[in-house]
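Visitor:
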Amino acid sequence: MEAFIIYFLKANLVLSVLFLVFWLFLKGEKFFLLNRAILLGIIFLSMLLPVGPSIEHFGMGTAALNRTDYNEFIGFDNKIGVPTIGIKAIQNDKDLQANTSSTIPTKQVSLTSIVFFIYLIISTVLFLRFLTQLARLFKILRHSEKRREGEIIFCNSKADLTPFSFFNFLVINDAKYDESQTNQIVQHEKIHIRQWHTLDILLAEVFYLVFWVNPLVQLLKQHVKLNLEYIADHEVLNTGVDTKSYQLNILHTCLNQAAVPLTNLFTSSKIKLRIKMMNTKKSSLYNMYKYAFVLPLIVLMYLVVNTANAKNESHVLIIRNDDFKTDGKKPQSKPVKDSDIKVTTKNVVNPLKEKNESAVLRITVAEFKAYEGYYKFQFKRGIDSHIKIITKSNNLVLIEQWSGKEFIFEQKSELEFFNKAENFPLKFTKNNEGAITQVLAYNRDLWNKDNEYKPQLKAAVKLTSDQMKTFEGYYQLNSNKEMVAKMVASKNDLIVQTLWNGTESTYSPESESRFFLKSGDNSVTIKFEKDINGSITSGTDFMGRTWTKNNNYAPRKEIQLTAKQLQTYEGEYTFEFKPGKIETIIITARGGNLILKENWSGNEITFFAESEVDFFSKQRPFPLKFTKNAAGNITHVLAFQKDLWTKAR
Numbered sequence: 001m002e003a004f005i006i007y008f009l010k011a012n013l014v015l016s017v018l019f020l021v022f023w024l025f026l027k028g029e030k031f032f033l034l035n036r037a038i039l040l041g042i043i044f045l046s047m048l049l050p051v052g053p054s055i056e057h058f059g060m061g062t063a064a065l066n067r068t069d070y071n072e073f074i075g076f077d078n079k080i081g082v083p084t085i086g087i088k089a090i091q092n093d094k095d096l097q098a099n100t101s102s103t104i105p106t107k108q109v110s111l112t113s114i115v116f117f118i119y120l121i122i123s124t125v126l127f128l129r130f131l132t133q134l135a136r137l138f139k140i141l142r143h144s145e146k147r148r149e150g151e152i153i154f155c156n157s158k159a160d161l162t163p164f165s166f167f168n169f170l171v172i173n174d175a176k177y178d179e180s181q182t183n184q185i186v187q188h189e190k191i192h193i194r195q196w197h198t199l200d201i202l203l204a205e206v207f208y209l210v211f212w213v214n215p216l217v218q219l220l221k222q223h224v225k226l227n228l229e230y231i232a233d234h235e236v237l238n239t240g241v242d243t244k245s246y247q248l249n250i251l252h253t254c255l256n257q258a259a260v261p262l263t264n265l266f267t268s269s270k271i272k273l274r275i276k277m278m279n280t281k282k283s284s285l286y287n288m289y290k291y292a293f294v295l296p297l298i299v300l301m302y303l304v305v306n307t308a309n310a311k312n313e314s315h316v317l318i319i320r321n322d323d324f325k326t327d328g329k330k331p332q333s334k335p336v337k338d339s340d341i342k343v344t345t346k347n348v349v350n351p352l353k354e355k356n357e358s359a360v361l362r363i364t365v366a367e368f369k370a371y372e373g374y375y376k377f378q379f380k381r382g383i384d385s386h387i388k389i390i391t392k393s394n395n396l397v398l399i400e401q402w403s404g405k406e407f408i409f410e411q412k413s414e415l416e417f418f419n420k421a422e423n424f425p426l427k428f429t430k431n432n433e434g435a436i437t438q439v440l441a442y443n444r445d446l447w448n449k450d451n452e453y454k455p456q457l458k459a460a461v462k463l464t465s466d467q468m469k470t471f472e473g474y475y476q477l478n479s480n481k482e483m484v485a486k487m488v489a490s491k492n493d494l495i496v497q498t499l500w501n502g503t504e505s506t507y508s509p510e511s512e513s514r515f516f517l518k519s520g521d522n523s524v525t526i527k528f529e530k531d532i533n534g535s536i537t538s539g540t541d542f543m544g545r546t547w548t549k550n551n552n553y554a555p556r557k558e559i560q561l562t563a564k565q566l567q568t569y570e571g572e573y574t575f576e577f578k579p580g581k582i583e584t585i586i587i588t589a590r591g592g593n594l595i596l597k598e599n600w601s602g603n604e605i606t607f608f609a610e611s612e613v614d615f616f617s618k619q620r621p622f623p624l625k626f627t628k629n630a631a632g633n634i635t636h637v638l639a640f641q642k643d644l645w646t647k648a649r
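Residue numbering for the sequence shown follows my numbering, beginning at 1 and increasing consecutively.
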């Protein structure tokens, strides 16, 4: 609601300034088509300018890469089965009350809610009135005698109504007017129809439903309609119609006849203004200089409503008791000290009052963008890897430079962020000057901020189609045969598909034997080896891991087991992770497959049957292999490639 109120106030500011300029300087000019564009522009700009990007956001060069799934062919080893590092959430109000005395008075919040509720009620009433007017209009059209002439549908209504048009419907009571009057009315309404004036009127009406609080909106709506009448009057008179005869016809037609809202009327309540405008001399071209100030004014309004964002925009951060819990389980990790969570009176708006309430913190854009940059980690001696962190809306986005994969993080405290989908926390560190220097990522690695780093940009060399085809095939990681990558040539690129999770990465050649990652960090490479016959035998990724080409590889084939068979695998399996530390996985049957749930993280992995004891995953590069006793009952399962888990129940 707070965001809507801020937007509403900014929109009304833009509306008020732009319309007042029109009303003071432009409404009397006879540049009717230009005024139509100005009036419609006021409506659209009032809605759009407040949601434009903040001025500070320009020139940052932080456009994110397209999201792809995690590619372990060139990524880090996924330590599956190892409980992840959790982060302790603020547990109660004492954690915050010790740092702040700043609160939002309950009375103020309640008053805002009441005012907003009243606004919604009135808007609803106006909307219902709008629907009623539309229903009445359609009833008139439905009960009229119709005939089509070209694109215009003439409706002869017996009702005592002033002539009007609605889209391509022209409604008139033929019996009330002589031939001369009818011709002038039809000429007038045809102009409304051909120029789609009904759209302007409906847009102004809908705009009024939202911004009715501002009295200038009613004036804006009236001037939108009045200017459309100016346009129609001007074009009718340009055909040679006698001005006095036309004006008398307007006066005669409006007497003792009801008007229909939401339509283009031959007559209107502003007849005096229309007649005055008809008698006014054509505006001099020198008066066009007034319109030259409109564009700078629009730019100024954009700066006013968005510079405030750049300086004062804040992100509302919610810290709840269960932010870092998964399926009701407490984090299996060393907690973060309370002293690590820095909360100041300046940043805290509403501290926790009850056990289950949330804390709302505000952080300025400048503070939020301080997290941006490249972070380095030495995976192996001489092998550095980088991640890029950018801000997007109220979140941080972590981009792996070796794969292009993005993780989106919500902020939980000043230095803590969390990705719920992957159960993945980020914990930043500041130096004594308050600058961000490090981030703990992937639950285990401390990455140092690298302000000097710039991604390498390489140019691809051109290989022949025959050369590219020699790289095609299946490659298995020597240290884990379950990790298989399929390589397919596509013009001058090599598409790497990881079969265990279905992701793809594109590589381009920098030489006849080395390829670099096309999107992301070009320093991520694959170096291929050949035998004495010139055939490709293996590839080495940027972390030094060898992938051997397997020309005889056959993808796993899925078989279907019955529901009764799958039920025999269900149960709880335990493993002693370390002395005194028992971990649990739960296996259930669902949708014709097995689901393995990690009890420490809540993550679920789907497995497909390859045989009665062998299952494989399309998400993770490890299988399940079950063991049965002499009676045919499941007793153990080999999971995570190394751990033998015992069925407990």
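Virtual Cβ for every residue (Gly too), placed ideally from N, Cα, C.
(1) Taking 9 Å as the threshold (C-beta atoms), are residue 219 and residue 273 in contact?
(2) I need the straight-line Cα distance from residue 371 to residue 503, nearest angstrom please.
(3) Going straight from the alpha carbon of residue 641 to that of residue 480, what length do you get?
(4) Residues in its own chain within less than 8 Å of residue 33 by CB, not counting five upstream and five downstream?
(5) What are the start and end residues of the alpha helix (DSSP H) that includes residue 179?
(6) I need the DSSP call for residue 644, collapsed to helix, strand or coil.
(7) What span of residues does the beta strand (DSSP E) with residue 450 cover, start to end?
(8) Go through its chain and collect everything with a Cβ distance to residue 58's Cβ below 7 Å, but skip five positions before and after it.
(9) Please name the residue or residues paired with residue 509 in a DSSP beta bridge.
(10) Please work out which residues of its chain come closer than 6 Å, Cβ to Cβ, to residue 644, disregarding the five sequence neighbours upstream and downstream, and give them in chain order.
(11) Exposed or buried, residue 296, counting other C-beta atoms within 10 Å across all chains shown (16 or more means buried)?
(12) From residue 221 to residue 516, what does the alpha carbon distance come to, in whole angstroms?
(13) Helix, strand or coil: which one does DSSP assign to residue 598?
(14) Below 8 Å on the Cβ atoms is my guess for residue 438 versus residue 446; work out the distance and round it to an integer in Å.
(15) Just curious, the beta strand (DSSP E) that residue 425 is in, first and last residue?
(16) What residues in its chain sit with their C-beta under 6 Å from that of residue 291, if we drop five residues either side in the sequence?
(17) In chain order, what residues of the same chain have a beta carbon less than 7 Å from the beta carbon of residue 534, not counting five sequence neighbours either side?
(18) Mapping DSSP to helix, strand and coil, what is residue 468?
(19) Once DSSP output is grouped into helix, strand and coil, what is the label at residue 617?
(20) On the DSSP bridge assignment, give the partners of residue 650 in chain order.
(21) Among 488, 294 and 440, which residue has its Cα nearest to the Cα of residue 505?
(22) Any idea if residue 20 is buried or exposed, counting beta-carbon neighbours within 10 angstroms, 16 or more meaning buried?
(23) Buried or exposed for residue 578, please, with buried defined as at least 16 other CB atoms from any protein chain shown within 10 angstroms of its CB.
(24) For residue 444, which beta-bridge partners are listed by DSSP?
(25) On the criterion of 16 or more Cβ atoms from any shown chain inside 10 Å, does residue 433 qualify as buried, or is it exposed?
(26) Since residue 664 contacts residue 197 with CB under 8 Å, what's their CB separation in whole angstroms?
(27) Could you check how far apart the C-beta atoms of residue 141 and residue 169 are, in whole angstroms? I think they sit under 8 Å.
(28) Rounding to the nearest angstrom, what Cα-Cα distance links residue 394 and residue 461 in this structure?
(29) Going along the chain, which residues of its own chain have a beta-carbon closer than 6 Å to the beta-carbon of residue 476, five neighbours each way excluded?
(30) Quick one: using the 10 Å Cβ neighbour count with 16 as the cut-off for buried, is residue 288 buried or exposed?
(31) Can you tell me whether residue 270 is helix, strand or coil according to DSSP?
(32) How would you label residue 444, buried or exposed, when you count the other beta carbons within 10 angstroms and need 16 or more for buried?
(33) Tell me the rounded alpha-carbon separation between residue 306 and residue 53.
(34) Among the residues of its own chain, which have a CB less than 8 Å from the CB of residue 210, if the five just before and after it don't count?
(35) Quick one: which unbroken alpha helix (DSSP H) runs of 4-plus residues sit fully inside the segment 525-590? Chain order, please.
(36) First and last residue of the alpha helix (DSSP H) that includes residue 25?
Guide: So, to answer that:
(1) Looking up residue 273 in the sequence shown gives position 273. Looking up residue 219 in the sequence shown gives position 219. No, they are not a contact pair.
(2) What you label residue 371 is simply residue 371 of the sequence shown in a count that begins at 1. What you label residue 503 is simply residue 503 of the sequence shown in a count that begins at 1. Approximately 28 Å between the Cα atoms of the pair.
(3) Here residue 641 refers to the residue found at position 641 of the sequence shown. Here residue 480 refers to the residue found at position 480 of the sequence shown. Roughly 9 Å separates the two Cα atoms.
(4) Within the sequence shown, the letter at position 33 stands for residue 33. Here the set comprises 231.
(5) Counting from 1 along the sequence shown, the entry for residue 179 is found at position 179. Note, residue 179: alpha helix (DSSP H), 179-194.
(6) In the sequence shown, the residue the question calls residue 644 occupies position 644. Three-state DSSP puts residue 644 in a strand.
(7) As a first step, residue 450 is located in the sequence shown; it is residue number 450 there, counting from the start. Neither: residue 450 is in no beta strand (DSSP E) and is coded neither H nor E.
(8) For the purposes of this step, residue 58 is identified with residue 58 of the sequence shown, where counting begins at 1. Per-residue confidence for residue 58 stands at a pLDDT of 44, beneath the threshold of 50, marking its modelled position as unreliable; the derived number appears in the next sentence. Closer than 7 Å at the Cβ level, and outside the excluded window around residue 58, lies no residue.
(9) To locate residue 509, count along the sequence shown from 1; it is residue 509. The partner list for residue 509 (beta bridge, DSSP) reads 515.
(10) The count along the sequence shown starts at 1 and reaches residue 644 at position 644. If we look at residue 644 and ignore the five residues flanking it on each side, its Cβ neighbours are 636 and 638.
(11) By 1-based counting over the sequence shown, the position of residue 296 is 296. Exposed is the call here.
(12) Reading the sequence shown from its first residue, position 221 is the one you call residue 221. Reading the sequence shown from its first residue, position 516 is the one you call residue 516. Cα to Cα, the separation comes out at about 59 Å.
(13) Translated into the one-based positions of the sequence shown, residue 598 becomes position 598. In this structure, residue 598 counts as strand in the three-state DSSP scheme.
(14) To locate residue 438, count along the sequence shown from 1; it is residue 438. To locate residue 446, count along the sequence shown from 1; it is residue 446. Sure, about 6 Å apart at Cβ, within 8 Å.
(15) Here residue 425 refers to the residue found at position 425 when the sequence shown is read from its first residue. Element bounds for residue 425: 424-430.
(16) Here residue 291 is taken as the residue at index 291 of the sequence shown, counted from 1. Hits under 6 Å: none found.
(17) Mapped onto the sequence shown, residue 534 falls at position 534. Nothing listed; no residue qualifies.
(18) Within the sequence shown, numbered from 1, the residue matching residue 468 stands at position 468. Reduced to three states, the DSSP call for residue 468 is helix.
(19) Reading the sequence shown from its first residue, position 617 is the one you call residue 617. If DSSP states are grouped into helix, strand and coil, residue 617 belongs with the strands.
(20) Any property of residue 650 remains undetermined from this structure, which presents the chain solely from 1 to 649.
(21) Locating residue 505 in the sequence shown gives position 505, where the first residue counts as 1. Out of 488, 294 and 440, 488 has the C-alpha closest to the C-alpha of residue 505.
(22) As a working mapping, residue 20 is identified with position 20 in the sequence shown. With fewer than 16 Cβ atoms within 10 Å of its Cβ, residue 20 is classed as exposed.
(23) Counting from 1 along the sequence shown, the entry for residue 578 is found at position 578. Answer is exposed; the Cβ neighbour count stays below 16.
(24) Locating residue 444 in the sequence shown gives position 444, where the first residue counts as 1. In the DSSP output, where bridge partners are listed per residue, residue 444 has none listed.
(25) Looking up residue 433 in the sequence shown gives position 433. By the neighbour-count rule (16 or more Cβ atoms within 10 Å), residue 433 is not buried but exposed.
(26) Past the edges of the chain, shown from 1 to 649, lies residue 664, and the structure says nothing about it.
(27) The residue labelled residue 141 in the question sits at position 141 within the sequence shown. The residue labelled residue 169 in the question sits at position 169 within the sequence shown. With a Cβ gap of about 6 Å, residue 141 and residue 169 count as contacting.
(28) On the sequence shown, residue 394 is found 394 positions in, with the first residue counted as 1. On the sequence shown, residue 461 is found 461 positions in, with the first residue counted as 1. Those two C-alpha atoms are separated by around 41 Å.
(29) Residue 476 sits at position 476 when you count from the first residue of the sequence shown. So the qualifying residues of the chain are 484, 548 and 550.
(30) Your numbering for residue 288 matches position 288 in the sequence shown. Under this definition residue 288 is an exposed residue.
(31) Mapped onto the sequence shown, residue 270 falls at position 270. Three-state result, residue 270: coil.
(32) Translated into positions along the sequence shown, residue 444 becomes position 444. By the neighbour-count rule (16 or more Cβ atoms within 10 Å), residue 444 is not buried but exposed.
(33) Along the sequence shown, read from residue 1 onward, the residue named residue 306 stands at position 306. Along the sequence shown, read from residue 1 onward, the residue named residue 53 stands at position 53. Cα-Cα distance, rounded: 7 Å.
(34) Taking the sequence shown and counting its residues from 1, one reaches residue 210 at position 210. The residues are 123.
(35) 563-567
(36) For the purposes of this step, residue 25 is identified with residue 25 of the sequence shown, where counting begins at 1. Premise fails: residue 25 is in no alpha helix (DSSP H) and is neither H nor E.
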